[in-house]
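Step one of this worksheet: look at the structure below.
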Amino acid sequence: MAYQVLARKWRPRRFADLVGQEHVVGALKNALQQGRLHHAWLLTGTRGVGKTTIARILAKSLNCENAENGEPCGVCSSCTQIDAGRFVDLLEIDAASNTGIDNIREVLENAQYAPTVGKYKVYIIDEVHMLSKSAFNAMLKTLEEPPEHVKFILATTDPQKVPITVLSRCLQFVLRNLTAEQVFGRLQFVLDEEKIPYDNNALQLIGRAAAGSMRDALSLLDQSIALSSGEVSENSVRQMLGVVDRRYLFDLLTAIAGQDNAEVLDCVQEMSAHSVGFATVLDELAALLLELAVVQAVPTSADPSVGDIAEVQKLAQQLSAEEIQLYYQCVINGKKDLPLAPDEYSGFLMTVLRMLSFSPLAAREVKIDQQIDGTELSDPK
Ligand SMILES: [Zn+2]
């Protein structure tokens, strides 16, 4: 059988299988249960957070022959045909590739006729903001006096570009980016089901790299499986993402906190020799500092399944809360400065040197009665 990409194979087919977006799913299920159905919904959010997936599940629920509590049954002919992408009363338009009025007009002209087999004729228009002005006007005519049997499910990454006349006729839902933990949990589930071995640390890395997009996370997972011949190891994911081994980050922070300048420089040079991307290193460093701050604030929050949790805990004990905050600020500012630096290496090194020179330890080491070099008063005699 041909390999099916994970994002497709594991696309949720019921509301219950969705990760996140509980606020949207709850509202939609309530409306379906109570039969309070709007005629147009607008789902907004960044790519890969579940807009089209929710739209398809909603289309199924609307047409399912035995929907229960707003969930489609998944086995009736409407559900199976929608899943197979050949339900005649569901029209999916990708406005990013079909902006011409002809297509939309054709589609809307058919809207007045009753559905052929289903209860509702459902129009899913993806990236609806890409429609031309005349296409919007054509759609507006149907939206102004929508036939009972017509439902629009619009999706967009850019709601600001949707005309207000359309917006005001839609029930709008804002989808949130998924958290790294939500992505992590889903990746674990998928790999367990696929019986593919994995490192938890590798999944954490993918979870962070996906920046809230489940689709991106699953594509990265596909890539990493292909790269490492059937398993998802931390090493291969690091190589794939250009992410530095966390050991370097622990060493680096320990050296900075201990004001060990030579060791700090060694660390940075060694990372450079491994040709890591320093922009990614700064991201990883910020993520590690956040972890340290959380573990320090709430020690019970430490997740024992994370491979290097012992090192995180150790470092959290060595650093003060102020140091962590200060380093975090340096790292975040370093990210901002990186494009302005002569090159990534210099930009990163400067950030690290800044952390060293601002380290509270440097200040702490000057004892209250200690003479600072070069400030001796001449003998008053
Ligand atoms: Zn069904």
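Residue numbers (our numbering): 19 to 399. Ideal Cβ positions, reconstructed from N, Cα and C, are used throughout, including at glycine.
In the structure shown, Ala58 adopts extended strand secondary structure according to DSSP, grouped into three states. Burial is judged here by how many other beta carbons sit within 10 angstroms of a residue's own beta carbon; Phe207 has fewer than 16 and is exposed. In its chain, beyond the 5 residues on either side, Ile119, Ile122, Arg123, Leu126 have a beta carbon closer than 8 Å to the beta carbon of Ala156.
The secondary-structure analysis by DSSP pairs Tyr345 with nothing; it has no beta-bridge partner.
The C-alpha of Ile142 lies about 31 Å from the C-alpha of Leu209. Taking a 10 Å sphere around the C-beta of His147, we find 16 or more other C-beta atoms and assign the residue as buried. Under the three-state reduction of DSSP output, Asp112 falls in the strand class. With 16 or more other Cβ atoms from the protein chains shown falling within 10 Å of its own Cβ, Lys169 counts as buried.
Shown here for Thr134: same chain residues with a beta carbon closer than 8 Å to its own, the five before and five after excluded, namely Val106, Asp107 in chain order. Listed in chain order, the non-local C-beta contacts of Cys91 below 8 Å within the same chain comprise Cys82, Glu83, Asn84, Ala85, Cys97, local neighbours out to five positions each way being set aside.
If you look at Ala273, you'll find it in the alpha helix (DSSP H) that goes 264-275.
Near ligand 1, residues with a Cβ at less than 5 Å from any of the ligand's heavy atoms are Cys82, Pro90, Cys91, Cys94, Cys97; the list follows chain order. Taken atom to atom, the span from the alpha-carbon of Pro360 to that of Arg31 is near 50 Å.
Setting aside the 5 residues that flank it on each side, Lys27 has no residue in the same chain whose C-beta is closer than 7 Å to its C-beta. When DSSP reads this structure, Ala173 sits in a beta bridge with Leu61. Minimum Cα-Cα distance from Ala229 among the listed residues Val140, Phe202, Asn219, Gln241 corresponds to Phe202.
Under the DSSP definition of a beta bridge, Tyr141 partners with Leu109, Phe170. If you draw a straight line from the Cα of Ala304 to the Cα of Asn351, it is about 11 Å long. Runs of the beta strand (DSSP E) lying entirely within the stretch 282-366 and spanning at least 3 residues: none are present. Shown here for Tyr345: same chain residues with a beta carbon closer than 6 Å to its own, the five before and five after excluded, namely Leu307, Met373 in chain order.
By alpha-carbon distance to Gly365, the top candidate from Phe376, Cys188, Cys348 is Cys348. For Leu205, the enclosing alpha helix (DSSP H) stretches over residues 198-212. A straight-line Cα-Cα distance of about 15 Å links Gly103 and Asp144.
Rounded to whole angstroms, the separation of the alpha carbons of His41 and Val67 is 13 Å. Residue pairing of Val23 in beta bridges, as defined by DSSP: absent, with no partner found.
According to the DSSP assignment, Phe154 belongs to the alpha helix (DSSP H) that extends over 151-162.
Inter-residue distance for Ser254 and Gly295 is about 15 Å (C-alpha atoms, whole angstroms). Among the bridge pairs identified by DSSP, Leu76 is matched with none. Just measuring C-alpha positions, the residue of Ile342, Met368, Ala328, Glu341 sitting nearest Lys354 is Met368. Between the beta-carbon of Trp59 and that of Leu189 there is about 5 Å, and that keeps the pair under the 8 Å contact cut. Residue range 189-192 is occupied by the beta strand (DSSP E) that includes Gln190. Here Pro181 is near Leu158, since their CB atoms are less than 9 Å apart. Less than 9 Å separates the beta-carbon of Gly260 from that of Thr298. Here DSSP, grouped into helix, strand and coil, assigns Val42 to helix.
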